[in-house]
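**Student:** First to last, the protein sequences are chains A and B.
UniProt numbering applies: residue 1 is where the first sequence begins, and numbers increase by one.
UniProt numbering applies: residue 1 is where the second sequence begins, and numbers increase by one.
Backbone N, C-alpha and C fix where the C-beta goes; we use that ideal spot for every residue, glycine too.
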Amino acid sequence: MHVSSSARLEVVALPLPPHLRNRLLATGFGTVADLERAGGPMGLARETGLSPDEAHEVLQLAGAAGGPASSNWRAGTVSAADLLVAAAATPRIISMARDLDALLGGGVAAGQVTEFCGVPGVGKTQLGMQLAVNVQIPRSLSGPEGQAVYIDTEGSFMAERCADIAEGAVRHVQSILEKKASMGQPELLHDGERPFTLENVMRGIYLFRVHDHVEQLGLVNMLPRFLEQYSQVRLIVIDSVTFHFRQDFPDMAQRTRVVTGMAQQLISLAQTHNVAVVLMNQVTTKVLEGGGSKLVPALGESWGHAASTRVMLTWGPDNERHAQMIKSPHLPLGDAAFAVTADGLRSLPRRR
Amino acid sequence: MATRHVSRLALDPYLRDHLIANNLTTARDVLLLSPLDLMELLGLTWTAAHQLLADVSAQISPPYSTAYDVFTQQATAEAPAPLRTGLPTLDGALRLGVPVGSITELVGPGGVGKSQLSHMLALAVAMPEALGGLGAGVVYIDTERKFSAPRLQEMVHARVAEAAAAAGPQAAHVLQPLAVQGEVLRRVAVSTPGSTEQLMQTVENLQHTVLQYRARLVVVDSIAALARTEYGNPSSSGASGSVAGGGGGLVGSIMDRQQVLGRIAASLKALAESLRIPVLVTNQVTTRIGGGGGGGPGPPGSAANGTLTAALGAKWAHCVNLRLVLQRLQERRFLKVAKSPSCANVVLEYVIGPTGLQEVPRHESELPPVLLQRGSVLDMAITNEVDYGAEL
């Protein structure tokens, strides 16, 4: 919205429906400056024959596009220093696999879109559930103490398995608290109104089951409202973002357009509400020039811009699960092994 | 839902007529457009276009439940229990059996016991409750013409004999094998679609069939047979190339096949979810070809030591929730959990007996180590995707 521009901005550049745009042009309003000189909504309505409501909206748009930008050029910008402080203020969501967290720069970051791609069975859903649990780690242990929205498009969210992971995390947190208590910091045991228990953790995961791509688009449209209502939410997992977009789209160009639009919404959602958005993506076989083939993330090239951080989950030559950073604005590309245990994701035992 | 008609949405009547007049008749039509498209097409203002999208979205978005609700709901008595397989190790790992509400896939070479296991699970559902079954119906979609009523009958007799032996001689007169057999077989509805098109139709009508037979299990044996014979890339000789061409016996390309499979998977999932039943699907294996790739699909599962992987490729593998791999190794048979959102990858050995698959109890340490490897060639969920490219 905050297009930095002058009053010379053309009326045709404003997001107006055709009949309003044509009426303005026909009555000689070519630029935003012309609109500003029209004498307010009433004047504009009189001159153009628009209804006062329509005239008001036109002027609002013109104002948003040109007006305040000239008087306050800072509007809509933030200094990098503020960004750095904000980024440090929101704790990252750890995966509990030490090496994977290190690869991600300490965990999944709020305010960003992170994408995990991987072959079937490599642990995408497990990772999603683990993050939905870990986002609730209390602040006293430098966790985000938030809640999670889990959007299940494939029907693979298993509540019992999630309970296992939650139990594992609760046990882990308990043992840390006890250790801290034995070291003389007992006040940490009862820190807030929401203790980290299995029931609370499970209550803190809002589960949406999406059955087709239209529901998915509708839900993404609705998420801003949901987040306003449930301000505790610090994480949104979509598992997987791909499934419903891989059928019922005969027109690839249309799919690309729709999927890119959804990506934009998710990016702005992450930023405006300071939540971490985690997308699980499937892989697809790409036939190479030479005749071989390799596995690449699904949804095509333009989708590659959706997530700022992209991690590929694979099976390594050592038959362990590996996470490979394949795109990141600030982290080194690297590789980390992890394991899926009964308690959830953990690092491999260190080898000597 | 996608096809929700605009006339059933709560919108301003004038706007609703306006949408229909502009050929936007379903929620899908509206949501696939951006606000700018809507402004252009309908002459709406910026705010009105956003409001329209928000209103439509609000009316079609699914409701949420917390993980706690789902978790506690599953513990209550009226929720359908998972379907016991009768293989203790597997039942233990899967938390009492094949999960309801999702797709479970059996992969394995021909003759390893996929259909046996399918028959066995069908029986577990159709047997009367007094004999440990659910006393419910089964829909068996048989694309390979491998459903065998005599085999099912044999299994019923074996199960009744087992129960009779357990109950002692005085209860034997209650267990009339013939009566039980008639009861069980009447509960199993078999459908034999002969083409993918018919399969699609069967799957679309499945909700009626399931409710008609009060079925608690749907079996598709196998998903691969039709798809693999009817779809393929046209061979080098100029076979019409068009999708509609009936010339080479091909209905469409591999791309089309993946589309159709995706659609079948989506409707099976929706069915499993809304009716709270398990869906069991069997899949074939394919031989992994290193380089260019031959013409048609190779003979399934005959290679003894080549690299075999699950058929139908990466996309299909993403569609199934749980993948069980059945394989033979030195005349022994093994079942392995290859993909699961909820359990560890366990392995068990089985033999095929009169009642179907029977577990051979043994410790994990006694199993061939090659089976315990994760991500190995035998871990078909991992290696199959590369192959589907080579299958072209």
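Could you tell me the boundaries of the alpha helix (DSSP H) in which B/Y14 lies?
**Tutor:** Its alpha helix (DSSP H) spans residues 13 to 21.
**Student:** In the DSSP output, what is A/R117 paired with across the bridge?
**Tutor:** One detail in the question is off: residue 117 of chain A reads as Cys in this sequence, not Arg. Note: A/C117 sits in a beta bridge opposite A/N281, A/M312.
**Student:** Between B/F71 and chain A, is the shortest Cβ-Cβ distance under 9 Å, so that the two count as touching?
**Tutor:** Cβ-Cβ to chain A under 9 Å: yes for B/F71.
**Student:** Just checking my contact of B/S34 with B/I20 at CB under 8 Å: how many whole Å lie between their CB atoms?
**Tutor:** The Cβ separation is near 20 Å, so there is no contact.
**Student:** For the candidate residues A/P91, A/A337, A/V149, A/V32, whose alpha-carbon lies nearest to that of A/A62?
**Tutor:** With distances taken between Cα atoms, A/A62 lies closest to A/V32.
**Student:** Could you check the C-alpha separation between B/V100 and B/Q74 for me, to the nearest Å?
**Tutor:** About 11 Å.
**Student:** Examine chain B for any beta-carbon lying closer than 9 Å to the beta-carbon of A/L9, and answer yes or no.
**Tutor:** Judged by the 9 Å Cβ criterion, A/L9 is not in contact with chain B.
**Student:** Looking at B/L226 and B/L199, is the spacing between their C-beta atoms short of 9 Å?
**Tutor:** Yes, the pair counts as a contact, with Cβ atoms nearer than the cut-off.
**Student:** Out of curiosity, what's the CA-to-CA distance linking A/G168 and A/V278?
**Tutor:** Those two C-alpha atoms are separated by around 22 Å.
**Student:** If contacts are defined as beta-carbon pairs under 8 Å, then B/K339 and B/R323 qualify, I think. What distance do you get, rounded to the angstrom?
**Tutor:** With 8 Å as the limit, B/K339 and B/R323 qualify as a contact, their Cβ atoms being about 4 Å apart.
**Student:** Please go through the same chain and pick out, in chain order, the residues whose beta-carbon is closer than 6 Å to the beta-carbon of B/V320, but skip the five residues on each side of it.
**Tutor:** Closer than 6 Å at the Cβ level, and outside the excluded window around B/V320, lie I103, E105.
**Student:** Among B/A272, B/I254, B/A344, B/G194, whose alpha-carbon lies nearest the alpha-carbon of B/K146?
**Tutor:** It is B/G194 whose Cα lies nearest to the Cα of B/K146.
**Student:** How far does the beta strand (DSSP E) with A/G344 in it extend, from its first residue to its last?
**Tutor:** Element bounds for A/G344: 344 to 346.
**Student:** How about A/S240: is its C-beta nearer than 9 Å to some C-beta of chain B?
**Tutor:** Judged by the 9 Å Cβ criterion, A/S240 is in contact with chain B.
**Student:** In terms of residues, what are the limits of the alpha helix (DSSP H) holding B/Q259?
**Tutor:** Element bounds for B/Q259: 254 to 275.
**Student:** What residue from A/K124, A/G204, A/A81, A/H322 has the CA that sits closest to A/S231's CA?
**Tutor:** Looking at the Cα atoms, A/G204 is the closest of the given residues.
**Student:** For chain B, check one thing: does any of its Cβ atoms lie closer than 9 Å to the Cβ of A/E228?
**Tutor:** Taking Cβ atoms only, chain B never reaches closer than 9 Å to A/E228, which makes this a no.
**Student:** What's the gap between the Cα of A/R98 and the Cα of A/S347?
**Tutor:** Computed Cα separation, rounded: 5 Å.
**Student:** Report yes or no: do three or more beta-carbon pairs, one from the region 119 to 130 of chain A and one from the region 265 to 285 of chain A, lie closer than 8 Å?
**Tutor:** Yes, since at least three Cβ pairs between the region 119 to 130 of chain A and the region 265 to 285 of chain A fall closer than 8 Å, the two stretches touch.
**Student:** Determine the direct distance from the alpha carbon of B/T45 to that of B/L15, and round the result to whole angstroms.
**Tutor:** Those two C-alpha atoms are separated by around 13 Å.
**Student:** Below 8 Å on C-beta distance, what does A/A342 contact in chain B?
**Tutor:** Under the 8 Å cutoff, chain B gives A344.
**Student:** Over the uninterrupted beta strand (DSSP E) stretch that includes B/G137, give me the two end residues.
**Tutor:** Start and end: 137 to 142.
**Student:** Alpha helix (DSSP H) containing A/I267: first to last residue?
**Tutor:** First-last of the alpha helix (DSSP H) with A/I267: 252 to 273.
**Student:** If you draw a straight line from the alpha carbon of A/L299 to that of B/R333, how long is it in whole angstroms?
**Tutor:** Distance between the alpha carbons of A/L299 and B/R333 is about 38 Å.
**Student:** Any beta carbon of chain A sitting closer than 9 Å to that of B/G252?
**Tutor:** No, B/G252 does not count as interfacial toward chain A.
**Student:** Along chain A, in chain order, which residues have C-beta atoms closer than 7 Å to that of B/Q259?
**Tutor:** The contacting residues are Q247.
**Student:** So, does the CB of A/H305 fall closer than 9 Å to a CB anywhere in chain B?
**Tutor:** Not one chain B Cβ lies under 9 Å of A/H305.
**Student:** Using DSSP with H/G/I as helix, E/B as strand and the rest coil, what is A/E199?
**Tutor:** Helix.
**Student:** In chain order, what residues of the region 88 to 113 of chain B put their CB closer than 9 Å to some CB of chain A?
**Tutor:** Within the region 88 to 113 of chain B, the residues whose Cβ lies closer than 9 Å to some Cβ of chain A are R95, P99, G101, S102, I103, listed in chain order.
**Student:** Have a look at the DSSP bridge pairing and note the partners of A/T341.
**Tutor:** Beta-bridge pairing links A/T341 to A/G344.
**Student:** Does the beta carbon of B/H119 come closer than 9 Å to any beta carbon on chain A?
**Tutor:** So, not an interface residue.
**Student:** Using a Cβ-Cβ cut-off of less than 7 Å, list which residues of the region 29 to 51 of chain B approach chain A; keep chain order.
**Tutor:** Cβ contacts with chain A come from L31, L32, S34, L36, M39, E40, G43, L44, T45, W46, T47.
**Student:** Using a beta-carbon distance below 9 Å, is B/E197 in contact with chain A?
**Tutor:** For B/E197, the answer is no, since every Cβ of chain A falls outside 9 Å of its Cβ.
**Student:** Checking contacts by CB at 9 Å: is B/R4 closer than that to chain A?
**Tutor:** Taking Cβ atoms only, chain A reaches closer than 9 Å to B/R4, which makes this a yes.
**Student:** Taking all protein chains shown into account, do 16 or more other C-beta atoms lie within 10 angstroms of the C-beta of B/T309, making it buried, or fewer, making it exposed?
**Tutor:** It counts as buried.
**Student:** Use the C-beta contact count for B/L335: other C-beta atoms within 10 angstroms, 16 or more gives buried, fewer gives exposed.
**Tutor:** So B/L335 counts as buried.
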